[in-house]
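Contents: one structure, followed by commentary.
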Amino acid sequence: LFSAARAQLVEEKIRPALAAGRPVLCDRFYDSTTAYQGAGRALAAGGDASPAAGGGDDESGESWLGRFHRRVTGGLVPARTFLLRLDPEEALRRREDAQQQSSTAAPDRMEAGPARFHQRVAEAYDALAARHPERFRVLDATEPPEALHEAIWEEVASLPRTADGGR
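Those letters in the sequence shown? Residues 612 to 778, by the working numbering.
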């Protein structure tokens, strides 16, 4: 269902927006599925999704999950992926602080995962960023939100227009 929804999003929203010359920002795209489901939930490489194990990579260096998502999205690849890098222990501390401050800040299924789950996700994102430096921008998530916002928008504004009108 996850992938069917993503395919529908690409065809009904993303491609038309790009064709109209509008930039598209997604909170998460297929890299998050590779990190969370592939590595975090160990769906890649027959249960061993660690970057050291290759995460099921083929000779091109791409995991079966990465190939699957390229197929689902019709080959659409983000021009930029912003990785807001935060140590998993700090992320868990922030989550706990948010829960203490709000009765409605219950963690979702992914956030509620054990520390090792979050470590695998972080390692997978780091491996993806190392594998695709041309599109990944790794930002220090301990920086103030305003600084992160400014850095992201500056980068988005600098992206050249593509033939289909996107950035």
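Built from N, CA and C at the ideal position, the CB exists for glycine as well.
- Within the DSSP secondary-structure output, R696 pairs in a beta bridge with D751.
- Residue nearest to C637 within the set A630, G649, T692 and F679 is T692 (criterion: CA-CA distance).
- Following the DSSP letters along the chain, one finds T645 in no alpha helix (DSSP H), marked with neither H nor E.
- Distances from the alpha-carbon of G649 to those of P744, A735 and E766 put A735 closest.
- By the 16-neighbour rule on beta-carbons within 10 angstroms, S713 is exposed.
- Note on F640: 16 or more other CB atoms within 10 angstroms of its CB, so buried under the neighbour-count rule.
- The DSSP-derived three-state label of S713 is coil.
- Per DSSP, the continuous alpha helix (DSSP H) segment holding E734 begins and ends at A726 to R742.
- Nearest to H680 by C-alpha distance, out of V767, E700 and Q619, is Q619.
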